[in-house]
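**Student:**
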Amino acid sequence: MNRVVITGLGCVTPIGSTVADFRESLFAGTTGISPITGVPDAPDGNPGVRYTQAAQIFDFDPAQHLESGIATATNRNAQFAIVAARQAAQQAKLLEYHRPGDIAIMMGCACGGRSTEESEVKNLYLRNARAHPLTIVRTMSSSGASNISIDLGITGPTLDISTACASATHAMGLAFHMVRSGMATAAIAGGHEAPLSWGFYRAWDSMRVVSTTRCKPFAADRDGMTLGEGAAMLIFETLESAQARNAPIFAEIVGFGMSADANHITQPQAEGAAMAMRKALDDAGASPDEVGYISAHGTGTQANDATESAAIHQVFGERASKIPISSTKALHGHSIGASGALEALATTLGLQEGRMPQNGDIVNPDPSLDLDVIIGEPRTTGPTLALSNSLAFGGLNAVIALRSWR
Amino acid sequence: MDDTAQRCIAIIAKAKNIPAQDISLDTTFEEINIDSLDKINISFEVEEAFDIAIPDEALGSLKTVGDVVRGVDQLVAAKSVSGSTPPAPATTS
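As given, the protein sequences belong to chains E and W, one line each in that order.
According to this note's numbering, the stretch in the first sequence is residues 3 to 408, in order.
According to this note's numbering, the stretch in the second sequence is residues 2 to 94, in order.
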């Protein structure tokens, strides 16, 4: 089987629309969470919910990146995807070295073209209006994957994975297995999401899981998640091809595990998350003792953080409280199907630098969780093995294992 | 330039994100890089603006801004004669 390494990165996120900006915000602990503003169709742009904060992207203008026809035929999520994939492919010089038919595109996106759908339905219900003829292609969840393929001329296996908050991690894991097995020589793997529409804000408000302050993962006073948007892309390719062309290697992806809780549509269960972590380690041929960092799903809800902590204790036993852990959602929010990709990007940058990102600016970790939450500054770890967890509503769990490249 | 032409040019300028003064009746779609997706979008916006339905077979023959304006004039005139708007055609499959 092939060893698989990461040779390109790209992103459009609330903490940076280039990897350089994302890296700077990540290690400085600069949050992209800000007051909700400008929600289309909502009175005065205010969605009328109990919470006030979201991780929004303000500096993205599709006209700067896309031809008018493509901009018209895509929702914001797919526009993020195209731009982030271009960055990653360009950095890896992907198409100079891999044949288009040998490259896979594996995307995570759960919400599709949410804002277009809401806008068109509003026009229908209120005015019996015709739908824009590009509504279908704007709203389909696979639009991002298709448009990356069209934009870059990639003709290999191209899929969209929709598993709620685990979508991107499932996509990255499957891309890893495709390159490892030889089904593809390289892959663009990641996720994209732009779900911050009026109806979306209201639906989450009704679930009572969004923080009325802001996302504080693993904090004693955590009170929920903060919604976000964005895209992140990673280029996976065989170690052989990367070394043959002296490509810069950011990290190695070594394992992937997935599981289903088979329990409850909203309540997570520790056993399922633990199984996914164990499977990722088994897939990597690694021992739990080798893990030196965990990028937590860490939504900041009472239920997720307690359950994820319990799962970590199940897998790592006494070492659980000694493994540095953080959730970067405190910085970039929870971008649903894309979140695993943003966190894999953060983990990859951490492994490259030998220091792992802090848990936002949280200063009061919940002692009952008994975890080594990274507080204050990034933690110098040196070369290590990291897990990146994604634990979705509906009990769908995905975990990837990444190793420092030295 | 009459009102129909000005409105059509404004729609095209907005769709292509270019100044209206750069567009004339003689401007071809090729010159301002109107692709198939632009064409679908512009046709829809024109239909909405003038409350008309562009027949499927006419879409393929539009090559210049002047073609659009003349087509709109004809459809608006036909509408005023018949007093009704025909159902909008499907534009995608």
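The C-beta atom is built at its ideal place from N, Cα and C for all residues, glycine as well.
With distances taken Cα to Cα, identify the nearest neighbour of G175 of chain E among E:R140, E:V256 and E:D43.
**Tutor:** Per the Cα distances, E:V256.
**Student:** Quickly, what does DSSP pair Q304 of chain E with across the bridge? List them, please.
**Tutor:** Note: Q304 of chain E sits in no beta bridge, so no partner.
**Student:** Work out the CA separation of F258 of chain E and H179 of chain E for me, nearest whole Å.
**Tutor:** Roughly 8 Å separates the two Cα atoms.
**Student:** I237 of chain E bridges to which residues according to DSSP?
**Tutor:** Per DSSP, E:G10 and E:I190.
**Student:** Do F116 of chain E and S199 of chain E have their C-beta atoms within less than 8 Å of each other?
**Tutor:** Note on identity: in this sequence residue 116 of chain E is Arg, with Phe being the wrong assignment. Closer than 8 Å, so yes.
**Student:** Going by beta-carbon coordinates alone, are Q2 of chain E and P385 of chain E separated by less than 8 Å?
**Tutor:** What the structure shows of chain E is the stretch from 3 to 408, and residue 2 of chain E is not part of that stretch, so it cannot be assessed.
**Student:** For N399 of chain E, list the residues DSSP reports as bridge partners.
**Tutor:** According to DSSP, which records beta bridges pairwise, N399 of chain E is partnered with E:S261 and E:L393.
**Student:** Could you give the uninterrupted runs of the alpha helix (DSSP H) lying entirely in the stretch 243 to 296 of chain E, keeping only those of 4 residues or more?
**Tutor:** You should have 272 to 286.
**Student:** Pull up the distance between the alpha-carbon of C13 of chain E and that of G155 of chain E, whole angstroms please.
**Tutor:** The straight-line gap from Cα to Cα measures roughly 20 Å.
**Student:** Given T214 of chain E, which residues of its chain have a CB within under 8 Å of its CB, disregarding the five upstream and five downstream residues?
**Tutor:** Here the set comprises R52, Y53, T54, D225 and G226.
**Student:** Closer than 8 Å is the cut-off here; do at least three beta carbon pairs connect the stretch 60 to 80 of chain E with the stretch 235 to 242 of chain E?
**Tutor:** Not touching, per the Cβ criterion.
**Student:** Starting from L161 of chain E, follow the beta strand (DSSP E) in both directions and report where the run begins and ends.
**Tutor:** Per DSSP, L161 of chain E belongs to the beta strand (DSSP E) from T160 to I163.
**Student:** According to DSSP, is A168 of chain E helix, strand or coil?
**Tutor:** A168 of chain E falls in the coil class under three-state DSSP.
**Student:** Using only the alpha-carbon positions, how far apart do Q22 of chain W and E58 of chain W sit?
**Tutor:** Going by the C-alpha atoms only, they are around 29 Å apart.
**Student:** Helix, strand or coil for R381 of chain E, going by three-state DSSP, please let me know.
**Tutor:** Of the three classes helix, strand and coil, the one that applies to R381 of chain E here is strand, per DSSP.
**Student:** Could you pull out every residue in the same chain whose Cβ sits closer than 7 Å to the Cβ of R216 of chain E, ignoring the five residues on either side in sequence?
**Tutor:** Taken in chain order, the residues that qualify are I35, Q55 and T228.
**Student:** For P270 of chain E, which residues of its own chain have a beta-carbon under 8 Å away from its beta-carbon, when the five flanking residues on both sides are left out?
**Tutor:** If we look at P270 of chain E and ignore the five residues flanking it on each side, its Cβ neighbours are D263, A305, N306, T309, E310, L393 and G397.
**Student:** Could you confirm whether any beta carbon from chain A is found closer than 8 Å to the beta carbon of L60 of chain W?
**Tutor:** Any reference to chain A falls outside this structure, whose protein chains are E and W.
**Student:** Taking the CB atoms as reference points, tell me whether L353 of chain E and A253 of chain E lie closer together than 8 Å.
**Tutor:** Cβ atoms of L353 of chain E and A253 of chain E: closer than 8 Å.
**Student:** Report buried or exposed for F220 of chain E, applying the criterion of at least 16 other Cβ atoms within 10 angstroms of its Cβ.
**Tutor:** F220 of chain E is buried by the Cβ-count criterion.
**Student:** Tell me the DSSP secondary structure of H336 of chain E in three-state form.
**Tutor:** Three-state result, H336 of chain E: strand.
**Student:** Taking C-alpha atoms, which residue in W:F51, W:I13 and W:P20 lies nearest to I41 of chain W?
**Tutor:** Closest option to I41 of chain W, Cα to Cα, is W:I13.
**Student:** Taking 8 Å as the threshold (C-beta atoms), are D43 of chain E and S121 of chain E in contact?
**Tutor:** Result yes, Cβ atoms of S121 of chain E and D43 of chain E sit closer than 8 Å.
**Student:** Taking buried to mean at least 16 other C-beta atoms within 10 Å of its own C-beta, is P37 of chain E buried or exposed?
**Tutor:** Looking at its Cβ environment, which holds fewer than 16 other Cβ atoms inside 10 Å, P37 of chain E is exposed.
**Student:** Leaving out the 5 sequence neighbours to the left and right, which residues in its chain are closer than 6 Å to T93 of chain W when beta-carbon positions are compared?
**Tutor:** Unreliable positioning characterises T93 of chain W in this predicted model, as indicated by a pLDDT of 44, which lies under 50. The coordinate reading is nonetheless provided below. If we look at T93 of chain W and ignore the five residues flanking it on each side, it has no Cβ neighbours.
**Student:** For H134 of chain E, collect the residues of the same chain with a Cβ closer than 7 Å to its Cβ; drop the 5 residues on either side in sequence, then sort them by chain order.
**Tutor:** Here the set comprises E122.
**Student:** Let me check understanding here. Comparing Cα to Cα, which of W:K15, W:R8 and W:N18 lies closest to L26 of chain W?
**Tutor:** Cα-wise, what sits closest to L26 of chain W is W:R8.
**Student:** For a contact meaning CB atoms closer than 8 Å, what does F30 of chain W contact in chain E?
**Tutor:** In chain order: nothing, as chain E lies at least about 11 Å away.
**Student:** What does the alpha-carbon distance come out to for the pair A177 of chain E and M260 of chain E?
**Tutor:** Taking the straight line from one Cα to the other gives about 14 Å.
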